[in-house]
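Novice:
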Amino acid sequence: MVAILEDSVRTFLQLPPEDKVNQHGQDVLRTIWRGGQDEDFSEVLWFALRALGFSESAPTYDELQGIVEARAAVTLALMCGASYLNEAGPTSMLDAFDEFRARGQAYVLRRGSSCDMPTKDDVEAFVIPRTYANIIPNSRSFAKWKEQAAAFQTLVTKAEANGRHTGYGGVTTPSEGRPTAHTVGQEVHAPPLTGKGVTPTSPPPGLLPYVSLRQSVADQEARIAMLQDQLSTALMAGLLGQKRDDAIFSKYTPDKIPKYSEGQALPSELIQSVEAQSRLYGGGTKIKVQMFKDSLGLPELAWAVQTMCDNGWDVDRCSDDDWNSLVERFYTRFAGTIEQREMAYLAIEQGVSKGIYERLDKYLSRVMGLARLARKHGDDRGLICHALRGLRDPVSRPALTTLVAVHTKWGSFCEAAHEIMAVTCVGGASRINAIEQGED
Numbered sequence: 003m004v005a006i007l008e009d010s011v012r013t014f015l016q017l018p019p020e021d022k023v024n025q026h027g028q029d030v031l032r033t034i035w036r037g038g039q040d041e042d043f044s045e046v047l048w049f050a051l052r053a054l055g056f057s058e059s060a061p062t063y064d065e066l067q068g069i070v071e072a073r074a075a076v077t078l079a080l081m082c083g084a085s086y087l088n089e090a091g092p093t094s095m096l097d098a099f100d101e102f103r104a105r106g107q108a109y110v111l112r113r114g115s116s117c118d119m120p121t122k123d124d125v126e127a128f129v130i131p132r133t134y135a136n137i138i139p140n141s142r143s144f145a146k147w148k149e150q151a152a153a154f155q156t157l158v159t160k161a162e163a164n165g166r167h168t169g170y171g172g173v174t175t176p177s178e179g180r181p182t183a184h185t186v187g188q189e190v191h192a193p194p195l196t197g198k199g200v201t202p203t204s205p206p207p208g209l210l211p212y213v214s215l216r217q218s219v220a221d222q223e224a225r226i227a228m229l230q231d232q233l234s235t236a237l238m239a240g241l242l243g244q245k246r247d248d249a250i251f252s253k254y255t256p257d258k259i260p261k262y263s264e265g266q267a268l269p270s271e272l273i274q275s276v277e278a279q280s281r282l283y284g285g286g287t288k289i290k291v292q293m294f295k296d297s298l299g300l301p302e303l304a305w306a307v308q309t310m311c312d313n314g315w316d317v318d319r320c321s322d323d324d325w326n327s328l329v330e331r332f333y334t335r336f337a338g339t340i341e342q343r344e345m346a347y348l349a350i351e352q353g354v355s356k357g358i359y360e361r362l363d364k365y366l367s368r369v370m371g372l373a374r375l376a377r378k379h380g381d382d383r384g385l386i387c388h389a390l391r392g393l394r395d396p397v398s399r400p401a402l403t404t405l406v407a408v409h410t411k412w413g414s415f416c417e418a419a420h421e422i423m424a425v426t427c428v429g430g431a432s433r434i435n436a437i438e439q440g441e442d
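In terms of our numbering, the sequence shown has 210 at position 208, counting the first letter as 1, and numbering is strictly consecutive.
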């Protein structure tokens, strides 16, 4: 039976886009929907995801449970899998398997176990365009936004009025006359994009099943109005912000960025520099990731590109969480595990070379750099005390110790330390022999 189902999958995927939405395509999908046992559909879904072009991965998936959920998962993968791959970017087969399992389960939960097969207009077949990836949280995981799916669907459809996304990976315009995200002729219940003063007469299609039946109709409408208001504002702010970011990004000149090479500076010093310089260009995640890549030497850049590809990240669609994960992986690759970084921070001491103590400003910069690597940089008081514990210069140490009671913030402490350095040290470095002669 698996072979028969796989033949049907192959037949559907080979159809032209226009045939997938007409009677021919629907008949093929219905053949798949009516055939097989639930244990067959796990293998069939894996076959379909490979045929769609998702990244190969070992078949270590958990079997689909429940015949209706399994059928729904396969049907939805065929209906919107190509669109999901196009909008989400590089995705492993295992991640896609879990994605369509979640969509299938949500569909059956909403429609009931006696439901018919999904259609392109069902909210579980809706794919968030990459345009909104930085606006809608967790846009690649339906399970994390399924309760807001219907509201997202109507708002995105409204915002994409001049170029709607179909359920089969294509993009159509109203003038083309082809099916859009909603059935032709179906009224789209979307709120005004201003999101202000909206008085809904009915909930968006598909949202009611996610609203507790114990709530009154008035409570339901109030909740929906609030959600639509928030989403409308977020979408418009995101679209405007994206245009602003693109304008700022166009002024960025990568040739002026110094290159980082392993061993020449702490990885945290590079990240601190990137985050500081990115503020000149708006401080968005896109400019930080691009500036980070432009700051790397060839070996480090090769590692960064491979890491971003492995995790499905790119410059245009990295979220704040992706950026933080990239930074943590950078630290681990070039500075060791978090345990090793913590040990290095705890063991820090002011250096001495050829009878000359390490410059005070460089030592304090090194303390902060190691503190960032060890995730200890948020405690100003702890930073100051730890810096004093590692300070070996007998001239600067007493003077800096008196600052603790006055300067409780790391920034002001460092500024005061620089003033002391200018007075106590020639050129910022304290010479051991000079101290010993002075004591004599």
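Think of the CB as a built atom: it goes at the ideal place given N, C-alpha and C, for glycine as much as any other residue.
Assign H420 to one of two classes, buried (16 or more other C-beta atoms within 10 Å of its C-beta) or exposed (fewer than that).
Specialist: H420 comes out exposed.
Novice: CA-CA distance, T339 and N24?
Specialist: Going by the C-alpha atoms only, they are around 55 Å apart.
Novice: To the nearest angstrom, how far is it from the Cα of T33 to the Cα of R343?
Specialist: C-alpha separation (whole angstroms): 58 Å.
Novice: What is the residue span of the alpha helix (DSSP H) that I130 lies within?
Specialist: Taken as a continuous stretch (DSSP letters only), I130 belongs to no alpha helix (DSSP H), as it is neither H nor E.
Novice: Kindly indicate the opening and closing residues of the alpha helix (DSSP H) around C117.
Specialist: That residue, C117, is in no alpha helix (DSSP H); it is neither H nor E in DSSP.
Novice: Below 7 Å CB to CB, which residues in the same chain sit around P360 once its five sequence neighbours on both sides are set aside?
Specialist: For the record, residue 360 in the displayed sequence is Glu; it is not Pro. Only Q352, G353 and V354 meet the Cβ criterion.
Novice: I need the straight-line Cα distance from Y449 to V129, nearest angstrom please.
Specialist: Any property of residue 449 remains undetermined from this structure, which presents the chain solely from 3 to 442.
Novice: Return the chain-ordered list of same chain residues with a C-beta closer than 7 Å to the C-beta of A389, the five sequence neighbours on each side being excluded.
Specialist: Same-chain partners within the cutoff: L366 and V369.
Novice: Considering only residues of the same chain and omitting the five flanking positions on each side of L402, which have a CB-CB separation below 7 Å?
Specialist: L390, L393, A419 and I422.
Novice: Start and end of the alpha helix (DSSP H) containing E341?
Specialist: Per DSSP, E341 belongs to the alpha helix (DSSP H) from I340 to L348.
Novice: Select from K22, L372 and D323 the residue whose C-alpha is nearest the C-alpha of A84.
Specialist: Of the candidates K22, L372 and D323, the one whose C-alpha sits nearest the C-alpha of A84 is K22.
Novice: Output the distance between the C-alpha atoms of T77 and K288, rounded to the nearest integer angstrom.
Specialist: Going by the C-alpha atoms only, they are around 35 Å apart.
Novice: Would you kindly work out how many angstroms separate the C-alpha atoms of T410 and S275, rounded to a whole number?
Specialist: Taking the straight line joining both Cα atoms gives about 24 Å.
Novice: Which class does L393 belong to by DSSP, given the choice of helix, strand or coil?
Specialist: Residue state, collapsed to three classes: coil.
Novice: Could you check whether M95 and E58 sit closer than 9 Å to each other, using their CB atoms as the reference points?
Specialist: For E58 and M95, yes; Cβs fall inside 9 Å.
Novice: Out of curiosity, what's the CA-to-CA distance linking G314 and V329?
Specialist: G314 and V329: Cα-Cα distance of roughly 15 Å.
Novice: Under three-state DSSP, which class holds V408?
Specialist: The answer is coil: DSSP assigns V408 none of H, G, I, E or B.
Novice: Within the same chain, show all residues whose beta-carbon is closer than 6 Å to that of S204, passing over the 5 residues directly before and after it, in chain order.
Specialist: Residue confidence for S204 is low, a pLDDT of 44 falling below 50, so the modelled location carries little weight; the figure read from the coordinates is stated next. Excluding sequence neighbours, S204 sits near nothing in its chain.
Novice: Going by other Cβ atoms of all chains shown within 10 Å of its Cβ, with 16 needed for buried, is S115 buried or exposed?
Specialist: Exposed is the call here.
Novice: State yes or no: is the C-beta of A90 within less than 9 Å of the C-beta of R105?
Specialist: No, the Cβ-Cβ distance between A90 and R105 is not below 9 Å.
Novice: With DSSP collapsed to three states, give me the class of V23.
Specialist: Of the three classes helix, strand and coil, the one that applies to V23 here is coil, per DSSP.
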